[in-house]
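Student:
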Ligand code: HEM
Ligand SMILES: [Cu+2]
Ligand SMILES: [Cu+2]
């Protein structure tokens, strides 16, 4: 099979359709984010009618669901088309169908939030009860992503049959693995929404089993964060080596780390429920142990990335222990944005290990520390990597080029983001350790001295939030330019090659039945006993409440 | 050096480069610094947990 | 699968650190009795006012400077029939449930932090070694008044 150097024009349209929505969501979500920091610090009061929690619901959904998912799917279509060739008819049409279904769902849910019928935050914990249409919108969104995943799997399946190859291109393998992870993960939330939330919100049943709904949500909620992270890893493993003039350190180890993510990122949802009644400490701890297993592929990733940097640097003649670090192309926006994202992943990952550490979760649970944590993970490591991808992907798809001037603008964007996040996330981490809760509008708890002591940090958050907002405006300027105004030309779609001398990839890594089988066993081990207990020893369920 | 020995010598060299691979000392130090950061911050919060018990 | 020898070393050291973390928290949790709050008691969430001990929430002395503080979380307060004042050095067993939606239960500057899910009871114990003003607050979104859901707890000399 020939390596197609350019994404097919129709595939490019499908991909771009996703990217437009992704970046529109960033702009809207960013406005909400800025307002949140201003409200929390007591700087402004929202104009009549808009509620703080309504805004926060919009922020969570637009950024954590809409931006991430649309970007990921758009990026994967482009990369699969680039590495496997043009999408075949059937998967192509399925791709568009998925886009339409997802978008209907997104619009429906957004309308419900605007109507103040869905102010339940993006985690929609029962028994707060939104309009049924809020949940139906979410369901359509998920079904749309399934169709998208189906399109990718179908493309992969046809490619394998036609090409008679045992090993697929690394990019496509990783994309399919990410979508498979997504399938397995979303089953939990789909079951909960379809069988619990929708009948209950329509009033067909009176009560809902709270603990079960939360458990199904977090069965999905943790792999959700890996669904965000893995596409960034695709960029770090497959694309960055090419940009820095190096090679992929090891194809097999890259695939192995993705296999490990599939196995260990799902049976770990209890680390979000460590402080909850009704789950025994034994099962919590077991899932904590499994959570720690999923850190291992990230340790592998850290080594592989540094190794590909060092090898690239040494090849260019860099000397000494760290000469290679300086030899990296810091001025290249395609490298700089994801690299800053990678560096931010160091404190982000350290924070994650702390969060998951069983009883230590009592220090940080539902405090602003957690908000600070995921603004490093998803809102910096992942977001900056996605921005860095967009800088070459959008011109590649629209037949334009990323000019030197735009490289500079993009680098400024990255710096502003890092500085803004340093203030916002740094303040959130610190004040979180002091006990300030997340998800709260402006409050001093009747002038409680502890709560008053948190205010300077809230102000630092607002300063950081304002810098971030400027960065978002700059981002939208760059993206608009690249999509519509940049000079016509040919921008590369970088795909790395494997280092010479790296061993042949064993085909067991593409044995889907084996990995899905092991993943299922792990999920059953981690969840069967506690879930059976939750159902058998359930208290009477809860009616719904609309407290907003 | 005889031809045979020379052959042995090259064979040995190939084996060693394959086992040792490229020079990745800088990488090792970088990841160890990363690990050190993780360990320090973890014990920092664990200490906070203990004093607040 | 072939692996660079430094990478193997790094993975051994890294996983070793993870094992140490797990052992430290495992021993602290199971051998020293600090497992996270995981009460198994259940009740009917619509009948909280009729179910003991939540029919009379408040502070009960149960031993030498040892108290049980029963609270009912509801939008947007923590209900108690007694004033929340305890002497310095007291050990307090908090026992909390919710009458409506999910709430949080947190006391800044301490390790007291747990989820209050309707239909379930949750418990946590803390010894207040120093006198001072404390704040019990809800840290899970529960509605428009969520940011106002906090009550003071006084530890007196
Ligand atoms: C202009 C940039 C941003 C600002 C100023 C900002 C600000 C904030 C603030 C202040 C909160 C916490 C509010 C609270 O707990 O009361 C928050 C929550 C959140 N943010 Fe951001 N954020 C920004 C960008 C992002 C991005 C890019 C993402 C994801 C890709 C993101 C994802 C989230 C999520 C998931 C929440 C949690 C919502 C919830 O608790 O329900 N944010 N953001
Ligand atoms: Cu998680
Ligand atoms: Cu609340």
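Residue numbers (our numbering), protein chains in the order written: chain Z, 1 to 548; chain G, 549 to 601; chain P, 602 to 758. The C-beta atom is built at its ideal place from N, Cα and C for all residues, glycine as well. Just so we're clear, the structure is a prediction, and the values are computed from it rather than from any experiment.
(1) How many Å lie between residue 432 of chain Z and residue 166 of chain Z at the Cα?
(2) So, with DSSP's three-state summary, where would you put residue 322 of chain Z?
(3) Check for me: the alpha helix (DSSP H) holding residue 20 of chain Z runs from which residue to which?
(4) When you measure from the CB of residue 739 of chain P to every non-hydrogen atom of ligand 3, does any distance come out below 7 Å?
(5) Could you give the residue range of the beta strand (DSSP E) that holds residue 723 of chain P?
(6) Between residue 654 of chain P and residue 288 of chain Z, what straight-line distance do the alpha-carbon atoms span, to the nearest angstrom?
(7) Give the secondary structure of residue 667 of chain P by DSSP, where H, G and I count as helix, E and B as strand, and everything else as coil.
(8) The beta strand (DSSP E) with residue 734 of chain P in it runs from where to where?
(9) What span of residues does the alpha helix (DSSP H) with residue 69 of chain Z cover, start to end?
(10) Just the C-alpha distance for residue 317 of chain Z and residue 33 of chain Z, rounded to the nearest angstrom, thanks.
(11) Would you mind stating whether residue 286 of chain Z and residue 526 of chain Z have Cβ atoms separated by less than 8 Å?
(12) Does residue 694 of chain P come within less than 8 Å of chain G when only Cβ atoms are used?
(13) When the distance is taken between beta carbons, is residue 185 of chain Z closer than 8 Å to residue 139 of chain Z?
(14) In three-state DSSP terms, what is residue 428 of chain Z?
(15) Keeping to the same chain, check which residues put their C-beta closer than 8 Å to that of residue 230 of chain Z; ignore five residues upstream and five downstream.
(16) Measuring alpha carbon to alpha carbon, tell me which of Z:507, Z:62 and Z:468 ends up nearest residue 25 of chain Z.
(17) Under the rule that 16 or more other beta-carbon atoms within 10 Å means buried, what is residue 447 of chain Z, buried or exposed?
(18) Using a Cβ-Cβ distance under 8 Å, would residue 450 of chain Z count as near chain P?
(19) Residues in its own chain within less than 7 Å of residue 585 of chain G by CB, not counting five upstream and five downstream?
(20) Ignoring anything shorter than 4 residues, give me the alpha helix (DSSP H) runs that lie fully in the region 239-307 of chain Z, in order along the chain.
(21) Cα separation between residue 386 of chain Z and residue 142 of chain Z?
(22) Going along the chain, which residues put their C-beta within less than 6 Å of some heavy atom in ligand 2?
(23) Anything in the region 292-317 of chain Z with a Cβ closer than 7 Å to a Cβ of chain G? List those residues in chain order, please.
(24) Verify the contact flag: residue 534 of chain Z, CB atom, against every heavy atom of ligand 1, threshold strictly below 7 Å.
(25) Just grab the DSSP bridge partners of residue 437 of chain Z for me.
(26) Compute every distance between the C-beta of residue 360 of chain Z and the non-hydrogen atoms of ligand 3, then say whether any falls below 7 Å.
(27) Between the region 580-594 of chain G and chain P, which residues of the former have a C-beta closer than 8 Å to a C-beta of the latter?
(28) Following the continuous beta strand (DSSP E) through residue 717 of chain P, name the residue where it begins and the one where it ends.
(29) Under 8 Å between beta-carbons, which chain Z residues line up against residue 741 of chain P? List them in chain order, please.
(30) Would you list the residues sitting across from residue 208 of chain Z in a DSSP beta bridge?
(31) Against chain P, with Cβ distances strictly below 8 Å, would residue 537 of chain Z count as a contact?
(32) Could you give the distance in angstroms between the alpha-carbon of residue 1 of chain Z and the alpha-carbon of residue 367 of chain Z?
(33) Look up residue 400 of chain Z in the DSSP assignment and say whether it is helix, strand or coil.
(34) Should residue 569 of chain G go down as buried or exposed, given a rule of 16 or more other Cβ atoms within 10 Å for buried?
(35) Using a Cβ-Cβ cutoff of less than 6 Å, which residues in the same chain neighbour residue 629 of chain P once the five nearest sequence positions on both sides are dropped?
(36) Quick one: is residue 151 of chain Z buried, meaning 16 or more other Cβ sit within 10 Å of its Cβ, or exposed?
Tutor: In short:
(1) Walking along the first chain from the start, residue 432 of chain Z turns up at place 432. Walking along the first chain from the start, residue 166 of chain Z turns up at place 166. If I take the Cα positions, the gap works out to 50 Å.
(2) For this step, residue 322 of chain Z is matched to residue 322 along the first chain. In the structure shown, residue 322 of chain Z sits in coil (DSSP, three-state: anything other than H, G, I, E or B).
(3) Translated into the one-based positions of the first chain, residue 20 of chain Z becomes position 20. Per DSSP, residue 20 of chain Z belongs to the alpha helix (DSSP H) from 9-40.
(4) Mapped onto the third chain, residue 739 of chain P falls at position 138. It does: the Cβ of residue 739 of chain P is within 7 Å (strictly closer) of some heavy atom of ligand 3.
(5) For the purposes of this step, residue 723 of chain P is identified with residue 122 of the third chain, where counting begins at 1. Residues 723-728.
(6) Residue mapping note: residue 654 of chain P aligns to position 53 of the third chain, counting from 1. Residue mapping note: residue 288 of chain Z aligns to position 288 of the first chain, counting from 1. If you take the alpha carbons of residue 654 of chain P and residue 288 of chain Z, they lie about 33 Å apart.
(7) Translated into the one-based positions of the third chain, residue 667 of chain P becomes position 66. In this structure, residue 667 of chain P counts as strand in the three-state DSSP scheme.
(8) Residue numbering aside, residue 734 of chain P sits at position 133 when the third chain is read from its first letter. Unbroken beta strand (DSSP E) run through residue 734 of chain P: 733-738.
(9) Here the question's residue 69 of chain Z lines up with position 69 in the first chain. Note, residue 69 of chain Z: alpha helix (DSSP H), 68-84.
(10) In the first chain, the residue the question calls residue 317 of chain Z occupies position 317. In the first chain, the residue the question calls residue 33 of chain Z occupies position 33. Straight-line measurement puts the Cα of residue 33 of chain Z at about 45 Å from the Cα of residue 317 of chain Z.
(11) Stepping through the first chain from its first residue, residue 286 of chain Z is reached at position 286. Stepping through the first chain from its first residue, residue 526 of chain Z is reached at position 526. Contact: yes.
(12) Sequence index remark: in the third chain, residue 694 of chain P carries index 93 (1-based). False, the Cβ-Cβ gap to chain G never drops below 8 Å.
(13) Here the question's residue 139 of chain Z lines up with position 139 in the first chain. Here the question's residue 185 of chain Z lines up with position 185 in the first chain. No.
(14) To locate residue 428 of chain Z, count along the first chain from 1; it is residue 428. Looking at residue 428 of chain Z - three-state DSSP - the assignment turns out to be helix.
(15) On the first chain, position 230 is the one that residue 230 of chain Z refers to. Excluding residues within five positions, the ones whose Cβ falls inside 8 Å are 174, 177, 178, 181, 258 and 261.
(16) Counting from one through the first chain, the residue named residue 25 of chain Z turns up at place 25. A check of alpha carbon separations from residue 25 of chain Z across Z:507, Z:62 and Z:468 identifies Z:62 as the nearest.
(17) Counting from 1 along the first chain, the entry for residue 447 of chain Z is found at position 447. Classification for residue 447 of chain Z: exposed.
(18) For this step, residue 450 of chain Z is matched to residue 450 along the first chain. Taking Cβ atoms only, chain P reaches closer than 8 Å to residue 450 of chain Z, which makes this a yes.
(19) One-based indexing of the second chain puts residue 585 of chain G at position 37. Within the same chain, residue 585 of chain G has no close Cβ partners at all.
(20) 240-243, 251-264 and 281-293
(21) Here residue 386 of chain Z refers to the residue found at position 386 of the first chain. Here residue 142 of chain Z refers to the residue found at position 142 of the first chain. In a straight line, the C-alpha of residue 386 of chain Z is about 21 Å away from that of residue 142 of chain Z.
(22) Z:222, Z:225, Z:271 and Z:272
(23) 302, 303, 306, 307, 310, 311 and 314
(24) As a first step, residue 534 of chain Z must be located in the first chain, where it is residue number 534. No, the beta carbon of residue 534 of chain Z sits no closer than 7 Å to any heavy atom of ligand 1.
(25) Within the first chain, residue 437 of chain Z is the residue found at index 437, counting from 1. Z:367, per the DSSP bridge assignment.
(26) Numbered from 1 along the first chain, position 360 holds the residue referred to as residue 360 of chain Z. Not under cutoff, so the answer is no.
(27) 580, 583, 586, 587, 590 and 594
(28) On the third chain, residue 717 of chain P is found 116 positions in, with the first residue counted as 1. Element bounds for residue 717 of chain P: 714-717.
(29) Your numbering for residue 741 of chain P matches position 140 in the third chain. By Cβ distance, chain Z contributes 125, 366 and 439.
(30) Taking the first chain and counting its residues from 1, one reaches residue 208 of chain Z at position 208. Bridge partners of residue 208 of chain Z: Z:542.
(31) Sequence index remark: in the first chain, residue 537 of chain Z carries index 537 (1-based). Closer than 8 Å to some Cβ of chain P, the Cβ of residue 537 of chain Z qualifies, so yes.
(32) Position 1 of the first chain, counted from the start, is the residue given in the question as residue 1 of chain Z. Position 367 of the first chain, counted from the start, is the residue given in the question as residue 367 of chain Z. Its pLDDT being 34, under 50, residue 1 of chain Z is placed unreliably in this model, and the coordinates cannot settle the point.
(33) In the first chain, counting from the first residue as 1, residue 400 of chain Z sits at position 400. It is a strand residue.
(34) The residue given as residue 569 of chain G occupies position 21 in the second chain. That one is buried.
(35) Walking along the third chain from the start, residue 629 of chain P turns up at place 28. Excluding five sequence positions before and after residue 629 of chain P, the CB atoms of its chain that fall closer than 6 Å to its own CB belong to 635, given in chain order.
(36) Within the first chain, numbered from 1, the residue matching residue 151 of chain Z stands at position 151. With 16 or more Cβ atoms within 10 Å of its Cβ, residue 151 of chain Z is classed as buried.
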